Structure formats: C-alpha cells, structure tokens
Ligand code: NAP
Ligand code: GDP
C-alpha cells in the first residue's frame, strides 16, 4: 500500500510538473489577456505555455490542426480560436459564423482527443442563451429554446461545444469543459466599428468624434442591458478553471446580476473616460439585438466567493488608455 501511495504521489508530482498548455486564438482579446496575466503573475512551476495564432495553423483545416497538435504535443488546451464579432457582423454573416466555428471546434476537440490531451477548456458565450427565457439564466439552460435570431449561426455552433464535451466524456471519459463569459472587453480587442462589439466600437467612435469634432452615434435605443467582463479578470478566471475546475459541465464567468448596465450607461462611462464633450446621438434605425441575457454567477461564487472584479469605470479607463496609446497597432 505504501509502495502504491508512493508511486501515486510521484505520478501526481509528475502531473503537476508537466503541464504543456496550448492556447488556440492566442493573439486575440482573451488570449493576449491570459498571456499578460502569466507575465505579471509568473507561470506555475512545470507549466509551459504555447500561444497560437491563425498563422500557426488554420484550425478550419483538419490536417493543419493535426500538424500543430503533433508539433507541440500539448497536455492541456485553452481553446479560444473562433470567428468572433459584435451584433452587426453576426447579423450579416450567420452562415460564416456557423460553418467556421463548427469546423474549428470539431477539428480542435477531435484532435485533442487523438493526441491524448488531458483537459480542454473551450469558450462559449452568454449570447448563445435562449432568447425567450426566465432570468437569471444559468448553466443548465443553454439548450432550452432557440437563441436570438440575430446571431443564430454563432450561437448554435457554440452550443455544440457543450454537446461535444458531453459526448467525449460519455464515450472516452474525457474532461473537456467550457466556460461561458459575458461580453468581454479590454486591450487588444477588435476596435473595428462595423464588425466589433459594442464597447470597442464606442471607444473607437468616441475617439474619432473627438478628433473630428462630430457627434458620437450610439447604435440602437441604448436600453438593452449587458453584463461586461474585463479581459484581465476573465484571464485570471480562465487560469483557475484550467488548474482547478474539474467538471465537464460549463461554468458562467460573469460579474453579478446587480452589475448589469444599459448600453446608455456604458456609453456614458466611455464618454467620461475619454473626456468627450460633444453631442451623443442614439440612432434608433440600428438594431438593439437581444434585450438582455442576464446571467447568474452563483456557481462561480460557490467556488470563488472572494474573487474581485475590476470596477467597470476603471476597466473602461484602462481600455481607453490602451487604445489611445496603441492607436497605430490596434485592430480597427
Ligand atoms: P478575437 O479577439 O477575435 O480573437 C480570435 C482569435 O482566434 C485570434 O487569435 C485569431 O487568430 C484566432 N482565429 C480565428 N480564426 C481562426 C482560424 N481559422 N484558425 C486559427 N485561429 C483562428 O476573439 P476573442 O474576443 O479573444 O474571443 C476568444 C473566445 O472567447 C472566442 O471563442 C469567443 O467566441 C469567446 N467569447 C468572446 C466574447 C467577446 O465579447 N469578445 C464573449 C464571450 C465569448 P488571428 O489573430 O491570427 O486572426
Ligand atoms: P451582443 O452583446 O452580443 O448583442 O453584441 P454587441 O457587443 O455588439 O452589443 C450590441 C448592443 O450594443 C446592441 O444593443 C447595439 O444596438 C448596441 N450598440 C450601440 N452602439 C454600438 C456599436 O457601435 N457597436 C455595436 N456592436 N453595438 C452597439
């Protein structure tokens, strides 16, 4: 029994020493945030990190996916790579969102299984939740009814990751799981006005309006509600999920319901951070999208009652400062 215990202990030590983590989508908003948190906090002993971009492999292609997994032989994967966009890009390109994300996810998860990856943490989103639902939405409700029409391609493709995870567990006992973040923002976001999410879009539009002395045009009525999460906070939570979270079922990574804000409130915070003094106009000819997707973070709070989120105005200020300081290299 002692011998068995020693071997088991040595094996466990070996396991904690050897963790080769490959991050798909390592050049994006969330990938860059994980990289920065690791630089600031230092990786744990025995952890080796590899950050991939689409130049390393087009994950829509199975052979390229297999080649990059063979090259790095990861034991763990954080799977972020995806076709991502704000409401308006989603409305224009439902078919592309569906096909790209279905291919990427099937290739990554099947190849991870083939090369014996121990754990995969993939990324869902609260914008895949049912449109007609009760609130707050929790992890058990992802498949309870169709998503909002505006982004059904992205939503259904993302929901299928949960199906993949359950099926790999059922057939092969794989611990492949997923997190469900709310609307993410921070340095290295996509600040493209037509394609990006609301906060990078508003930051870029406010910056331009200030430079050009024009009005800021906020799209839609400003009434929809959103929970926003700062990318650096999300990155810290991702590291916890990778190292500690043991369930196959997904977990919502979100600020509390009480921290939900309207688009109008969010626009005002951006206006203050950039000290914009011009007129703010609401363009109601543009879509509002899903009115709200209020998510419960009760499950997260059970695991991490003490976790502190960066206050929203502080995180917005840091993101605006990053955009102004890095205007030339920012994605826009
Ligand atoms: P992002 O900034 O747009 O970055 C996307 C990443 O995916 C980039 O590294 C990109 O590589 C890579 N990628 C895209 N297509 C690829 C392909 N065919 N092959 C290989 N790599 C590819 O996205 P993000 O905001 O960080 O999102 C990360 C994850 O979080 C995604 O799964 C997304 O669905 C999820 N999520 C995002 C939000 C949000 O508000 N942003 C909210 C909830 C969930 P290149 O840089 O080389 O193009
Ligand atoms: P969603 O949270 O998945 O719906 O996606 P977004 O991050 O794109 O947020 C969309 C919400 O913000 C809608 O209510 C839009 O009407 C509103 N909005 C206001 N201005 C903008 C903008 O400049 N860009 C985007 N993407 N949305 C905006």
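In UniProt numbering, the protein residues as written are 1 to 332. Glycine included, C-beta positions come from ideal geometry on N, C-alpha and C. All of these numbers come straight from a predicted model, not from anything done at the bench.
{"Query": "Based on the DSSP secondary-structure assignment, which residues constitute the bridge partners of residue 218?", "Result": "282"}
{"Query": "The beta strand (DSSP E) that contains residue 253, what's its start and end?", "Result": "251-253"}
{"Query": "For a test of the three-state rule: what should DSSP assign to residue 192, helix, strand or coil?", "Result": "coil"}
{"Query": "Where do the ends of the beta strand (DSSP E) carrying residue 51 lie?", "Result": "47-51"}
{"Query": "Quick check on the DSSP output: the alpha helix (DSSP H) that includes residue 115 runs from which residue to which?", "Result": "Careful: residue 115 lies outside any alpha helix (DSSP H) and carries neither H nor E."}
{"Query": "Look at the alpha carbon of residue 212 and the alpha carbon of residue 253, and state the distance between them as a whole number of angstroms.", "Result": "38 Å"}
{"Query": "Output the distance between the C-alpha atoms of residue 87 and residue 315, rounded to the nearest integer angstrom.", "Result": "22 Å"}
{"Query": "Evaluate residue 22 with the Cβ neighbour count: other Cβ atoms within 10 Å of its Cβ, from every protein chain shown; 16 or more gives buried, anything less gives exposed.", "Result": "buried"}
{"Query": "Hey, out of 259, 239, 291 and 256, whose CA is closest to residue 36's CA?", "Result": "239"}
{"Query": "Under 6 Å from any heavy atom of the ligand NAP, does the C-beta of residue 220 make it?", "Result": "no"}
{"Query": "Evaluate residue 74 with the Cβ neighbour count: other Cβ atoms within 10 Å of its Cβ, from every protein chain shown; 16 or more gives buried, anything less gives exposed.", "Result": "buried"}
{"Query": "Rounded to whole angstroms, what is the Cα-Cα separation between residue 263 and residue 169?", "Result": "39 Å"}
{"Query": "Ordered along the chain, which non-local residues of its own chain (more than five positions away) have a Cβ less than 6 Å from that of residue 274?", "Result": "206 and 320"}
{"Query": "Taking buried to mean at least 16 other C-beta atoms within 10 Å of its own C-beta, is residue 83 buried or exposed?", "Result": "buried"}
{"Query": "Looking at residue 320 and the ligand NAP, is the gap between the Cβ and the nearest heavy atom below 6 Å?", "Result": "no"}
{"Query": "Ignoring anything shorter than 3 residues, give me the beta strand (DSSP E) runs that lie fully in the region 63-127, in order along the chain.", "Result": "76-79 and 119-123"}
{"Query": "Could you spell out the range, first to last residue, of the beta strand (DSSP E) harbouring residue 185?", "Result": "183-185"}
{"Query": "Is residue 269 closer than 7 Å to residue 313 when the C-beta atoms are compared?", "Result": "yes"}
{"Query": "Is residue 288 near residue 221, with beta carbons less than 7 Å apart?", "Result": "yes"}
{"Query": "Using the Cβ count rule (16 or more neighbours within 10 Å means buried), how would you classify residue 324?", "Result": "exposed"}
{"Query": "Flag residue 289 as yes when its Cβ comes closer than 6 Å to any non-hydrogen atom of the ligand NAP, and as no otherwise.", "Result": "no"}
{"Query": "Give me the Cβ distance between residue 295 and residue 137, rounded to the nearest whole Å; I'm assuming they're in contact under 8 Å.", "Result": "5 Å"}
{"Query": "Is any heavy atom in the ligand NAP found nearer than 6 Å to the beta carbon of residue 178?", "Result": "no"}
{"Query": "Count the C-beta pairs between the region 49-62 and the region 104-114 that are closer than 8 Å, then say yes if the count reaches three, no if not.", "Result": "yes"}
{"Query": "Candidates 99, 39 and 77: which alpha carbon is nearest residue 25's?", "Result": "77"}
{"Query": "Closer than 8 Å is the cut-off here; do at least three beta carbon pairs connect the region 296-308 with the region 135-155?", "Result": "yes"}
{"Query": "Where does the unbroken beta strand (DSSP E) through residue 24 begin, and where does it stop?", "Result": "19-24"}
{"Query": "Does any heavy atom of the ligand GDP sit closer than 6 Å to the C-beta of residue 127?", "Result": "yes"}
{"Query": "Hey, would you say residue 231 sits closer than 7 Å to residue 52, going by beta carbons?", "Result": "no"}
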